[in-house]
């Protein structure tokens, strides 16, 4: 039986605990009754949390473009692409995070390409929603509804979660509304799943099935600690492995959408890798986890703050960093211009530095810093003529390696080895991880093509 990672097609909510239970603290927990004749129950907490969980229905048109082979162009009147439009409908869930302003958080893939979004509250009211902004790489979207007698879920510090904390899932799996399941937090800081550009997931074994995307992960106190986004299992079914976006990461992204209408992702300006046994032995390192810095980009926030190749970043803002992917996800969810405190090891000595992050949405780099085959090209974050995000070849030297592989001035790189990419930072990461032959997906005007790097 093959194991695969799936985005949920529909959405609901999940609830997770962020504390351990001891006999002496039972009276303080909201799910325990003070009446000795009653058994412990989650019902009091759920009574408070569930009104903040909403159902989301969407309608829209999905546009697909297919390149027309030269030999068949005369059948289609000569266009380079055949465009098809198909109407679609979908269901999902969301979480009210601000009752006064009517803010609702869900997954981007729940409302992507939607022309109409309807939010249904637990009391049966149906409200039209407006999408204020979204971030595909982290799969977060922010909606707004009319703020009238709404209930919001308070936010918790997701960094305080521990493996073993209890979890309870509430939602609409397979269209069954207000379904509740329970489990524990199975792992933290999960990455490398290849389901998003920035991965720092909470893993849980609470039963989550198709229909749980966009839901909430809350503590036993009824506080939000995460937003569900994917499951790991055969054919999209539950096998006890689900993933949620931490609430701290969600809040950073939502704050940027509220302020700017988009995510202005922070940029540190380093490439690196996780600490493993081989690297630890070769470098005679004293640590077994952290983010090892391989290279520092010129004129980047990292260089300006004094970070050097060979440094090991172990903490950010006082919280431990287990891997380079975790560091990348946390930096990428913080807004450009934000100040962070990084703790690192340099030649065995502990050092703490302050860094003001750059702006990943306004990056222009010399391409040879990313891959030798791209030498001679200048890369800038931009958009295709169809409005999709990508990396624009803003300058190109004639007879350069980049020109010899077929790149042209104005080309837009939109994918690497069939994986969609949107920014220079993501392109660098994908090329760092790629092995063997590399296929670049290029948009050239209205034409889509591939260029192969060997």
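Residue numbers (the working numbering): 1181 to 1634.
Yeah, the Cβ is synthetic: ideal placement off N, Cα and C, and Gly gets one too.
None of the values given here were measured: they were computed from a predicted structure.
Residue nearest to residue i in terms of C-alpha spacing, selected from the options
i: residue 1360; options: 1226, 1465, 1479; result: 1226
i: residue 1531; options: 1499, 1492, 1385, 1558; result: 1492
i: residue 1323; options: 1316, 1312, 1317, 1478; result: 1312
i: residue 1338; options: 1565, 1314, 1276, 1365; result: 1365
i: residue 1297; options: 1303, 1318, 1317, 1273; result: 1273
i: residue 1498; options: 1533, 1480, 1308; result: 1533
i: residue 1285; options: 1234, 1326, 1239, 1269; result: 1234
i: residue 1382; options: 1326, 1571, 1607, 1428; result: 1428
i: residue 1433; options: 1521, 1516, 1612; result: 1516
i: residue 1329; options: 1319, 1344, 1307; result: 1307
i: residue 1449; options: 1370, 1512, 1351, 1379; result: 1512
i: residue 1568; options: 1539, 1589, 1540, 1625; result: 1625
i: residue 1502; options: 1397, 1566, 1380; result: 1380
i: residue 1335; options: 1397, 1300, 1484; result: 1397
i: residue 1579; options: 1556, 1539, 1564; result: 1556
i: residue 1410; options: 1395, 1403, 1309, 1507; result: 1395
i: residue 1584; options: 1572, 1571, 1562, 1554; result: 1554
i: residue 1419; options: 1590, 1483, 1363, 1479; result: 1363
i: residue 1443; options: 1478, 1539, 1299; result: 1539
i: residue 1129; options: 1437, 1589, 1566; result: What is shown of the chain runs 1181 to 1634, which leaves residue 1129 out entirely.
i: residue 1377; options: 1617, 1606, 1616, 1634; result: 1606
i: residue 1392; options: 1221, 1368, 1348, 1305; result: 1348
i: residue 1436; options: 1518, 1289, 1350; result: 1518
Chain-order list of residues whose beta-carbon lies under 6 Å from that of residue i (same chain, five-residue window excluded)
i: residue 1619; result: 1597, 1630, 1632
i: residue 1452; result: 1471, 1472, 1473, 1474, 1504
i: residue 1201; result: Annotation note: pLDDT 31 at residue 1201 (below 50); position unreliable, coordinate value reported separately. Closer than 6 Å at Cβ, skipping near neighbours: no residue.
i: residue 1526; result: 1491
i: residue 1690; result: The shown model of the chain, from 1181 to 1634, leaves out residue 1690, and the question about it has no answer.
Exposure label - residue i; buried when at least 16 CB within 10 Å
i: residue 1610; result: buried
i: residue 1500; result: exposed
i: residue 1458; result: exposed
i: residue 1268; result: exposed
i: residue 1510; result: buried
i: residue 1592; result: buried
i: residue 1463; result: exposed
i: residue 1603; result: buried
i: residue 1408; result: buried
i: residue 1346; result: buried
i: residue 1219; result: exposed
i: residue 1627; result: exposed
i: residue 1342; result: exposed
i: residue 1293; result: exposed
i: residue 1266; result: exposed
i: residue 1599; result: exposed
i: residue 1489; result: exposed
i: residue 1440; result: exposed
i: residue 1424; result: buried
i: residue 1523; result: buried
i: residue 1636; result: As shown, the chain starts at 1181 and ends at 1634. That puts residue 1636 outside it, with no answer to give.
i: residue 1623; result: buried
i: residue 1354; result: exposed
i: residue 1552; result: exposed
Three-state class that DSSP yields for residue i in the structure shown
i: residue 1304; result: coil
i: residue 1388; result: coil
i: residue 1280; result: coil
i: residue 1371; result: coil
i: residue 1293; result: coil
i: residue 1511; result: helix
i: residue 1582; result: helix
i: residue 1143; result: The chain is shown from 1181 up to 1634; residue 1143 falls before or after that span and cannot be answered.
i: residue 1560; result: strand
i: residue 1553; result: helix
i: residue 1326; result: coil
i: residue 1530; result: strand
i: residue 1566; result: coil
i: residue 1397; result: strand
i: residue 1597; result: coil
i: residue 1615; result: coil
i: residue 1230; result: helix
i: residue 1222; result: coil
i: residue 1318; result: coil
Contacts around residue i, its chain only, beta-carbon distance under 7 Å, and the 5 residues preceding and following it disregarded
i: residue 1514; result: 1432, 1446, 1520, 1537
Chain C contact for residue i (CB, 8 Å cutoff)
i: residue 1468; result: In the structure shown, chain C does not exist; there is a single protein chain.
Cutoff 8 Å; reference residue i; Cβ partners in own chain excluding five residues on either side
i: residue 1302; result: 1230, 1231, 1233, 1234, 1358
i: residue 1486; result: 1533
i: residue 1614; result: 1596, 1597
i: residue 1617; result: 1632, 1633, 1634
(request) Give, in chain order, every unbroken run of the beta strand (DSSP E) that is at least 3 residues long and sits entirely within the segment 1412-1436. (result) 1422-1426
(request) At 3 residues or longer, and completely inside the segment 1436-1485: list those beta strand (DSSP E) runs for me, N to C. (result) 1450-1454, 1471-1476
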